[in-house]
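Chemist:
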Amino acid sequence: MPHRLWALGPDRRPHHRQAADAAIRSSRFPIESRRAALGARRHTRRETARGTAAIERKRRMQHLADWLVRHRIAIAVVTLALTAPLAMLGRRLEFDRSIESLYAEDDPHLRDLQLSRRAFGGDEFVIVAWKPPRLFEADGLTLTASAAEDIRSMRDALAEIPGVRATHDLAAALRFPYRRAHVKELLRGILLGYDDQTTAVVAWLEPERATPSEAVPRSETFRRIRALAAAHDPPAQVAGEAIQVHDMFRYVEEDGMVLFRWSLLALSGVILLLLRRIRWVVLPVAVVLVTVAWTEGLLVLARLKLSMVSSMLNSLVTIIGVATVMHAAVHFRDLQAESGLTPPEAARRTLAELAAPVFWTCATTAVGFLSLLCSEITPVRSFGTMMGLASFLVFFVAMTILPSGLSWPSGHLTHPAGLEARIGGWLSRTAAGSLRRPARVLLAASTIVIAALCGLPRLHVETDFSRNFRENSEIVRALNFVEDRLGGAGSWEVNFAAPRVLDENYLERVRQTTAAFRSELGGRGPGRISKVVSLTDGLDLVPRIPFVLNSLPKRLAALDALQAGFVRSLYDADSGRMRIVLRSRERQPAELKNRLIAQAQALAATRHQDVRVTGLFVLLAFLIESLLRDQLLSFVIAVVGVGLTMSVALRSMRLGLVSLAPNLLPIGAVVGVMGWADIPVNIATAMIASVSMGLTIDSTIHYLWHFRRLILAGYRFDRAVAATHATVGRALLFANLALVVGFSVLTASHFVPLIYFGLLVSAAILGGLLSNLFLLPVLLHVLYPVNRADDLFDGLSEPPGGSSVRPRLPRQSTDAPSGR
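So for the sequence shown, this note's numbering puts the first residue at 534; every next one is plus one.
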């Protein structure tokens, strides 16, 4: 016992607890001495209870490991038997391609769009544009016969494609000679290019149905439109926000699966190079694939869908699974090399000693992801649920696959030699260097923090949706063609209150608002409105003929006869709404787009009531803002949750708080680098902080768990750090190196946000590795000096001897451990 009842003397020290307490209280020593003795006695009882609990925990872990290894074949068979049906079920996992789902149900931008669609109907369209050899005759108002026939042929072919509701083309609009010059100017920027040489057919799309059986899939409609455009002579370009959104989901879904396979292949090559045994390649790949199959199968049973947010599911499962198996592999190899154990014996001890840290690793990762449940956006909440489930499944699958994989017969392993031995020695010297120069490490960390804080104000949100695609992609080429020749491809609207019965006074206000949009905000460049279309534009084409078209209702009916659906698309008497449709450049900076939206709303509000600005152009502009809305709260919850979980795992609140610093530093550094490097916050990086918090913490858990065992086993502080670096440090280095190489494959993605995601997660992983190897030992040393190392783990008693594994020190430091 560390404390003795010195107040009673050796001849009066009783053996029973009640007698000891009574003897202390009745003694004639001063009251201060009696209080000290009673405190020491209580502390001794607590230490005894904790030691007993530690023995019981260790016994349970050993029994669990014995059971897993003894029944490893049956467990593996059951695991594979469950994997097959779950993998088949996982093929039915659906991908939610709705951009509206990325908004909270009460988001004002989403509410405005839904109101507009109820009032005016769906307005999703695709622009098919091309430049014919000769568009107009010499008068500049009459289409050439070949151009008119070409346009009608494209229109008819598009109309036959399932999923196309209606078409709008230049040949039909100019079929009447009356006021043809006015009509031509009205259609400029929509069906006619500003160069008078480019034309387009607008294909209005059927609204997507609730179930795929009710209509042809939107993907099939787009495929046929693009095939028709490619076969045209000259080839036509296909653009529009609807097809942009479709391509975004298509790239994410296709690239996510293809790159996941390639990243596994690259990762396997790195592991084989480092550990030189095929077993250590098969095990992590098996854990990852089985976990993914189980996760996807259970998601289908839970009726959850993948989304843009959860597209990184497989990649994130890879991080957790590979890190888990790498720690087990290094620990197993060290046991066999040092103790000469048979594979089943080494597997048993590996599982007994790593089951707890692996469980708490998965638990803290799950807590980090489950913090996303506070979001108001359904796909974000679903992503948090998916990753929380996957995190716990990694632990369960690892405990079912590792007993068989580790127990497989193999030759006797020797101490790591060559490169691996040099790495262990370098890591130990790194630990010693950090402890000798703690001020430099803390100064470097402080510098990184200050630089990151300075980079935060430079962060900006990406609203140019086209920047989600590579410059040489099909959709960007089409956008450039359309916006250079026709004007803006981004469609939006300003709608406002309207009377149930229109009158001339109200329409005059609409006419004035339309003119103000053109005069004050009009233009073809960024931050301008390239096209304005209102009901009064069409009415002004209808002549006032006495006795025939002498009233507003008659003129409206005539306009509807000339252009079917024109009035209904801009005015809805039932809901009392009128709208003015606008076009702007999709490819423009965020600040210009947001300013233009605000200016349009303010301008309309000077003449109308209940003004609302909406459309896919607006929805895409505020998409990232919607995703970011709850991220600060999610990150705070993740930090608090991970800190509490670490405190419970390590049974020390102070140690739990210390563990947060090496994980917050790389996250802050990554976010700061985004600001300094002008990397925009896009759809994949919006949740980088919360995601990284759940990924970098596992290295800290394994490090502190191993370090704690050495301290309790009697190692000095500095020697415990060196030994932890030489063993756990190697596992951290190998796992993180393999993950970074695997994630580098994401740079080949067609979807730019996935490229940023791969680079930033790799940076966070490397930052977490460096923080755990350099900063964490210094923090432990500063907060808990060497002569108080026992205070660091106060209350964490273990049975005599601590760990059953004698951690291997570098070859130059293989002396027996000395006391604290």
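From the three backbone atoms N, C-alpha and C, an ideal C-beta is built for every residue, glycine too.
(1) Do residue 978 and residue 1198 count as a contact pair if the criterion is CB distance below 8 Å?
(2) Quick check: the segment 838-845 against the segment 910-927, are at least 3 beta-carbon pairs closer than 8 Å?
(3) Quick check on DSSP: helix, strand or coil for residue 1269?
(4) Is it the case that the segment 862-877 contacts the segment 1214-1224, given that we only count it when at least three CB pairs across the two stretches are under 8 Å?
(5) Going along the chain, which residues of its own chain have a beta-carbon closer than 8 Å to the beta-carbon of residue 1295, five neighbours each way excluded?
(6) Taking Cβ positions, are residue 609 and residue 933 nearer each other than 8 Å?
(7) Look at residue 1214 and residue 992 and say whether their C-beta atoms are less than 8 Å apart.
(8) Please work out which residues of its chain come closer than 7 Å, Cβ to Cβ, to residue 1327, disregarding the five sequence neighbours upstream and downstream, and give them in chain order.
(9) Distance check for residue 741 and residue 751, CA to CA, integer angstroms please.
(10) Would you kindly work out how many angstroms separate the C-alpha atoms of residue 728 and residue 1153, rounded to a whole number?
(11) List the endpoints of the continuous alpha helix (DSSP H) containing residue 857.
(12) Do you know whose CA, among 1072, 1089, 1120 and 1024, lies nearest residue 1009's CA?
(13) Could you spell out the range, first to last residue, of the alpha helix (DSSP H) harbouring residue 667?
(14) Comparing alpha-carbon positions, which option in 603, 1097, 959 and 807 lies nearest residue 706?
(15) Between which two residues does the alpha helix (DSSP H) harbouring residue 920 extend?
(16) Considering just the uninterrupted stretch of the beta strand (DSSP E) at residue 490, what are its terminal residues?
(17) I need the straight-line Cα distance from residue 1142 to residue 1105, nearest angstrom please.
(18) Who are the Cβ neighbours of residue 618 in its own chain at under 8 Å, not counting the five residues just before and after it?
(19) Assuming the contact rule is C-beta atoms closer than 8 Å, residue 1297 and residue 1233 should be a hit. Round their C-beta distance to whole Å, please.
(20) Pairing CB atoms from the segment 1285-1294 with CB atoms from the segment 1249-1259, are three or more of them under 8 Å?
(21) Is the CB-CB distance between residue 824 and residue 863 below 8 Å?
(22) Give the secondary structure of residue 1028 by DSSP, where H, G and I count as helix, E and B as strand, and everything else as coil.
(23) Please state whether the Cβ-Cβ distance between residue 1076 and residue 1082 is less than 8 Å.
(24) Let's test the definition: count the other Cβ atoms within 10 Å of the Cβ of residue 670 and tell me whether it reaches 16, buried, or not, exposed.
(25) Taking a contact to mean a Cβ-Cβ separation below 8 Å, would you say residue 691 touches residue 680 in this structure?
(26) Would you say the segment 1132-1151 touches the segment 1028-1039, given that touching needs at least three Cβ pairs under 8 Å?
(27) Going by other Cβ atoms of all chains shown within 10 Å of its Cβ, with 16 needed for buried, is residue 986 buried or exposed?
(28) As a quick exercise: from 1072, 717 and 1052, pick the residue whose alpha carbon is nearest that of residue 1094.
(29) Would you decide whether residue 715 is buried or exposed? Buried here means 16 or more other CB atoms lie within 10 Å of its CB.
(30) Measure the C-alpha to C-alpha separation of residue 1285 and residue 1003 and round it to an integer number of angstroms.
(31) Examine chain B for any beta-carbon lying closer than 8 Å to the beta-carbon of residue 1166, and answer yes or no.
(32) What's the call for residue 847, buried or exposed, on a 16-neighbour Cβ count within 10 Å?
(33) Whole-angstrom Cβ separation of residue 884 and residue 598, contact assumed at under 8 Å?
(34) Along the chain, which unbroken stretches of the alpha helix (DSSP H) at least 4 residues long are found entirely within the segment 1146-1208?
(35) What did DSSP end up calling residue 1111 once you bin it into helix, strand or coil?
(36) My guess is that residue 981 and residue 1202 are in contact by the Cβ rule of under 8 Å, so how many angstroms apart are they, rounded?
Modeler: With the structure as the only source:
(1) Residue 1198 sits at position 665 when you count from the first residue of the sequence shown. Residue 978 sits at position 445 when you count from the first residue of the sequence shown. Yes, Cβ-Cβ distance for residue 1198 and residue 978 is below 8 Å.
(2) yes
(3) Stepping through the sequence shown from its first residue, residue 1269 is reached at position 736. Here residue 1269 sits in helix by DSSP.
(4) no
(5) Sequence index remark: in the sequence shown, residue 1295 carries index 762 (1-based). Counting only Cβ-Cβ distances below 8 Å, and skipping sequence neighbours, we find 1272, 1273, 1276 and 1277.
(6) Looking up residue 609 in the sequence shown gives position 76. Looking up residue 933 in the sequence shown gives position 400. In contact: residue 609 and residue 933 (Cβ atoms closer than 8 Å).
(7) Working through the sequence shown from its first residue, we reach residue 1214 at position 681. Working through the sequence shown from its first residue, we reach residue 992 at position 459. It is a contact, given that the beta carbons lie within the stated cut-off.
(8) Translated into positions along the sequence shown, residue 1327 becomes position 794. Model confidence at residue 1327 stands at a pLDDT of 46, short of 50, so the residue's coordinates are unreliable; what they give is reported in the following sentence. Closer than 7 Å at the Cβ level, and outside the excluded window around residue 1327, lies no residue.
(9) As a first step, residue 751 is located in the sequence shown; it is residue number 218 there, counting from the start. As a first step, residue 741 is located in the sequence shown; it is residue number 208 there, counting from the start. Computed Cα separation, rounded: 7 Å.
(10) Your numbering for residue 728 matches position 195 in the sequence shown. Your numbering for residue 1153 matches position 620 in the sequence shown. Here the alpha carbons of residue 1153 and residue 728 stand approximately 29 Å from one another.
(11) Locating residue 857 in the sequence shown gives position 324, where the first residue counts as 1. Residue 857 -> alpha helix (DSSP H) spans 846-872.
(12) Counting from one through the sequence shown, the residue named residue 1009 turns up at place 476. Nearest option by C-alpha distance: 1120.
(13) To locate residue 667, count along the sequence shown from 1; it is residue 134. Careful: residue 667 lies outside any alpha helix (DSSP H) and carries neither H nor E.
(14) Start at 1 with the first residue of the sequence shown, and residue 706 comes out as number 173. Ranking 603, 1097, 959 and 807 by Cα distance to residue 706 puts 1097 first.
(15) Sequence index remark: in the sequence shown, residue 920 carries index 387 (1-based). Residue 920 -> alpha helix (DSSP H) spans 911-940.
(16) Residue 490 falls outside the range modelled here, since the chain spans only 534 to 1353, and no answer is possible.
(17) Position 609 of the sequence shown holds residue 1142. Position 572 of the sequence shown holds residue 1105. Near 16 Å, if we compare the C-alpha coordinates of residue 1105 and residue 1142.
(18) Residue numbering aside, residue 618 sits at position 85 when the sequence shown is read from its first letter. Counting only Cβ-Cβ distances below 8 Å, and skipping sequence neighbours, we find 830.
(19) Working through the sequence shown from its first residue, we reach residue 1297 at position 764. Working through the sequence shown from its first residue, we reach residue 1233 at position 700. Actually they do not touch by this definition, with Cβ atoms about 13 Å apart.
(20) no
(21) To locate residue 824, count along the sequence shown from 1; it is residue 291. To locate residue 863, count along the sequence shown from 1; it is residue 330. No, the pair does not count as a contact, with Cβ atoms beyond the cut-off.
(22) Taking the sequence shown and counting its residues from 1, the one referred to as residue 1028 is at position 495. In the structure shown, residue 1028 sits in a strand (DSSP, three-state: E or B).
(23) For the purposes of this step, residue 1076 is taken as residue 543 along the sequence shown, with counting starting at 1. For the purposes of this step, residue 1082 is taken as residue 549 along the sequence shown, with counting starting at 1. Result yes, Cβ atoms of residue 1076 and residue 1082 sit closer than 8 Å.
(24) Taking the sequence shown and counting its residues from 1, one reaches residue 670 at position 137. Burial call: exposed.
(25) For the purposes of this step, residue 691 is taken as the residue at position 158 of the sequence shown. For the purposes of this step, residue 680 is taken as the residue at position 147 of the sequence shown. Going by C-beta atoms, residue 691 is not nearer than 8 Å to residue 680.
(26) yes
(27) Your numbering for residue 986 matches position 453 in the sequence shown. Counting Cβ neighbours within 10 Å, residue 986 comes out exposed, since fewer than 16 surround it.
(28) Along the sequence shown, one-based indexing puts residue 1094 at 561. Out of 1072, 717 and 1052, 1072 has the C-alpha closest to the C-alpha of residue 1094.
(29) Position 182 of the sequence shown, counted from the start, is the residue given in the question as residue 715. Looking at its Cβ environment, which holds fewer than 16 other Cβ atoms inside 10 Å, residue 715 is exposed.
(30) Here residue 1285 refers to the residue found at position 752 when the sequence shown is read from its first residue. Here residue 1003 refers to the residue found at position 470 when the sequence shown is read from its first residue. Their backbone Cα atoms lie some 6 Å apart in a straight line.
(31) Absent from the structure: chain B. Only one protein chain is present.
(32) The sequence position of residue 847 within the sequence shown is 314, counting from 1. Residue 847 should be labelled buried.
(33) On the sequence shown, position 351 is the one that residue 884 refers to. On the sequence shown, position 65 is the one that residue 598 refers to. Indeed they touch by this definition, with Cβ atoms about 4 Å apart.
(34) 1149-1154, 1156-1161 and 1164-1183
(35) Here residue 1111 corresponds to residue number 578 of the sequence shown, with the count starting at 1. The answer is strand: DSSP assigns residue 1111 an E or B state.
(36) Taking the first residue of the sequence shown as 1, we reach residue 981 at position 448. Taking the first residue of the sequence shown as 1, we reach residue 1202 at position 669. Their Cβ separation, rounded to whole angstroms, is 5 Å, which keeps residue 981 and residue 1202 in contact under 8 Å.
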